[in-house]
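Heads up: the sequence shown begins at 125 in my numbering, then just goes up one per residue. Beta carbons are placed, not taken as given, at the ideal position from N, Cα and C, and that holds for glycine. Quantities reported herein were computed from a predicted structural model and do not represent experimental measurements.
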Amino acid sequence: MLVLILLLGTFGLAVPTITVNVQEIGTGANRLVSPVWEGRYTLWQSGTDLVAVELILTADMPAGTVVHVILKNSSGVVVSNGTLVVGPGGIPAGTPFNVTVTPVNSAWVDPTQTEVIILSSDYNTDLSGPIFVNTQKLGLGTYDGSYSRPIIIQGSSVFLDYYPIRMLFISSNPSFPWDSLYFTNTTGSCLYYWKEFNGTFVNSDGRTYSWAVFWVNVTNIPANSNETIFVNYLGSGNPCSAYVNPNKVFLFYDNFSTLANWQTGGTPTISGGELQLDRGDWILSTRSFPVPYSLEVFTNLAYDDGTPYDTRGGGFFSWVYSLGPFILPYVDSAGSGTGEGIGMEYLNWAGTLIPWGQQDGLVQADASSPITTLNWNYGNSNPQYIMGQWEILNATVTSTSVDFSQVLFLTWNGARWVLSASPSTGIPAYAQSTSSYTITVTSDGRILLGQWSGGPTRVDFVFVRKYVSPEPTYTLGNVYYHLTFVPKPPATSTTGASVASTGIPTIATIGKSAPVALPIEGQTSGEKTIPQLQNETDETRGQSNTTERIKELARNANLTLPSDGP
125 MLVLILLLGT FGLAVPTITV NVQEIGTGAN RLVSPVWEGR YTLWQSGTDL
175 VAVELILTAD MPAGTVVHVI LKNSSGVVVS NGTLVVGPGG IPAGTPFNVT
225 VTPVNSAWVD PTQTEVIILS SDYNTDLSGP IFVNTQKLGL GTYDGSYSRP
275 IIIQGSSVFL DYYPIRMLFI SSNPSFPWDS LYFTNTTGSC LYYWKEFNGT
325 FVNSDGRTYS WAVFWVNVTN IPANSNETIF VNYLGSGNPC SAYVNPNKVF
375 LFYDNFSTLA NWQTGGTPTI SGGELQLDRG DWILSTRSFP VPYSLEVFTN
425 LAYDDGTPYD TRGGGFFSWV YSLGPFILPY VDSAGSGTGE GIGMEYLNWA
475 GTLIPWGQQD GLVQADASSP ITTLNWNYGN SNPQYIMGQW EILNATVTST
525 SVDFSQVLFL TWNGARWVLS ASPSTGIPAY AQSTSSYTIT VTSDGRILLG
575 QWSGGPTRVD FVFVRKYVSP EPTYTLGNVY YHLTFVPKPP ATSTTGASVA
625 STGIPTIATI GKSAPVALPI EGQTSGEKTI PQLQNETDET RGQSNTTERI
675 KELARNANLT LPSDGP
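Next up, the structure:
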């Protein structure tokens, strides 16, 4: 057998296949392939000069690999370059490294014209013919029009796998294409995620912003250590669109196309993709979930109808207590459920019911017949639940308690922050704790939703997710440009992209367990700046006042931004 090793020194990459024909021996062929499919880069500046290019590649770079970087101006003329030969031990996939370039004034460089050439010390071997052809792996990487930013996740005190992280992003572009966002790990593999909401809101500066909430399923988060993922955006397509799947993000998800996942009582109905619960209706999940877990319900709570659950006093006037919706986030294997009930106190004045104030309190019931077995320990609500308006209800179940909170959608009316008439025109900027009750956990838990009187309470979706305390937090790294390499290697995946440049638009951070916001500023014609995610600590350096506007939102609503997420 003849083994032929070809070293390809050309950067044109015009011939993706090498064919060798030797008389009386035979033919051998092999493809020219890149050692990496994609990567990221950012440009580093000292004074007015660009001096280095930072790279993050999605494949290992073995010792001896040559990395060559070319910087060009907007006309495509080379203005600087640099070369790195990878040293002993190599560079693992996903590890940032720098390539020093000849210093050049940053005004002369168009970052989008950057080229990265990888000449690997590895070879691609084809053994299918009489002649074995080895081709040295060679790739040319160019900017593909998209950006990304690393999200450095700080783990909890225990190892977590497949843990969902909530992220709230904001853009100053009211028409930002949120479907262009996707998430990957350091080696470019897609992560499962779900866009929960997106919409617009008017900020206190009078401008209209767009926003979106994403949940990302992070594969592994080490205990007391960091894990890095990437958010990628503004590309021409979404290579991870097949990974938009809430069923792969949460333990349980239901958007109520049917009631197949529930035991039911009364006559709950589905209309327009919404669950509707009227007086006497309830649903109980057929699945149970390991404690701890967190429940989220996107709901429009309906009032009670004044039917007395309890009456105090008598004669000419009395006090009537009527229960409306109730939620039992924990129902044990014996059917004993614990949760929250929301209703109203009425003054019964000579037969006329006068609403006096909202009441909420601990509800306990037998899940086999919750309407008739329910016990409601009512009391004044502080803070009150919002009724007749869409909101997010959260309930976290731990080994000792069930804790409730609500997330409201707000917008600026020109004078103050007010509840939005629709989630699509307000921002879910904070979570407000409402109630907490002590429980005894004896088994995995199921969830129950019901309406004792009044209605209909409407539910758009529910999900149950993993929960740990404290929840992971994260910070944001630099903005990167995204590279795509040719020719493509045999196996493919996906990634993201940054530049050190002046005038980079900034964004703020909000949220709880995932304190990220992404106001991605739009670019004017000819700008060489890129959209940039900003960590909340950047405000101390005077780079953004968006975070302060969001905090003002909470202050004016007499609410406090929480430190960890819903």
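Query: Residues sharing a beta bridge with residue 288, DSSP; Result: 341
Query: Best match in 463, 522 and 381 for proximity to residue 583 [C-alpha to C-alpha]; Result: 381
Query: Range covered by the beta strand (DSSP E) that runs through residue 549; Result: Unbroken run through residue 549: none, as it is neither H nor E.
Query: Residue 428 classed as buried or exposed, judged by whether at least 16 other C-beta atoms fall within 10 angstroms; Result: buried
Query: Residues of its chain near residue 224, where Cβ-Cβ distance is below 8 angstroms and the 5 sequence neighbours each way are ignored; Result: 175, 176, 206 and 208
Query: Whole-angstrom distance between residue 370 and residue 608, CA atom to CA atom; Result: 28 angstroms
Query: Beta-carbon proximity of residue 581 to residue 385, cut-off 8 angstroms; Result: no
Query: N-terminal and C-terminal residue of the beta strand (DSSP E) that residue 215 is part of; Result: Run containing residue 215: none; DSSP gives neither H nor E here.
Query: Beta bridge counterpart(s) of residue 181 as assigned by DSSP; Result: 163
Query: C-beta atoms of residue 304 and residue 362 nearer than 8 angstroms; Result: yes
Query: For residue 493, three-class secondary structure by DSSP; Result: coil
Query: Residue 327 - DSSP class collapsed to helix/strand/coil; Result: coil
Query: DSSP-derived helix/strand/coil call for residue 367; Result: helix
Query: Minimum length 4: unbroken alpha helix (DSSP H) runs contained in the stretch 461-485; Result: none
Query: Test item: CB-CB of residue 521 and residue 453 under 8 angstroms; Result: yes
Query: Straight-line Cα distance separating residue 501 from residue 528; Result: 16 angstroms
Query: CA nearest to the CA of residue 71, picked from 577, 277, 349 and 535; Result: Nothing can be reported for residue 71: it is not among the residues displayed for the chain, which extend from 125 to 690.
Query: Sequence-distant residues of its chain with Cβ nearer than 7 angstroms to residue 505 (five each side left out); Result: 482, 483 and 484
Query: Sub-8 angstroms separation of residue 378 and residue 390 beta-carbons; Result: no
Query: Contact the stretch 283-293 vs the stretch 336-352: 3+ CB pairs below 8 angstroms; Result: yes
Query: Test item: CB-CB of residue 222 and residue 178 under 8 angstroms; Result: yes
Query: Sub-8 angstroms separation of residue 509 and residue 558 beta-carbons; Result: yes
Query: Candidates 574, 514 and 519, of which the one nearest residue 691 by Cα; Result: What the structure shows of the chain is the stretch from 125 to 690, and residue 691 is not part of that stretch, so it cannot be assessed.
Query: C-alpha gap between residue 285 and residue 231, whole angstroms; Result: 45 angstroms
Query: Cα-Cα separation between residue 433 and residue 358, rounded to whole angstroms; Result: 55 angstroms
Query: Inter-residue spacing [alpha-carbon to alpha-carbon] between residue 329 and residue 530; Result: 26 angstroms
Query: Identity of the residues DSSP links to residue 518 by a beta bridge; Result: 420 and 529
Query: Given residue 416 as reference, the closest of 568, 239, 603 and 598 once Cα atoms are compared; Result: 568
Query: Spatially closest choice to residue 198 from 191, 239, 213 and 186, by CA coordinates; Result: 239
Query: Three-state class that DSSP yields for residue 304 in the structure shown; Result: helix
Query: Spatial distance of residue 489 from residue 498 (CA atoms); Result: 4 angstroms
Query: Buried or exposed by the 16-neighbour rule on C-beta atoms within 10 Å, applied to residue 182; Result: buried
Query: CA-to-CA distance, residue 237 to residue 393, given in whole angstroms; Result: 57 angstroms
Query: For residue 450, the residue or residues it bridges with in DSSP; Result: 465 and 574
Query: Cβ-based neighbour list, residue 441, same chain, cut-off 8 angstroms, excluding 5 preceding and 5 following; Result: 471, 472, 473 and 474
Query: Helix, strand or coil at residue 336 [DSSP, three-state]; Result: strand
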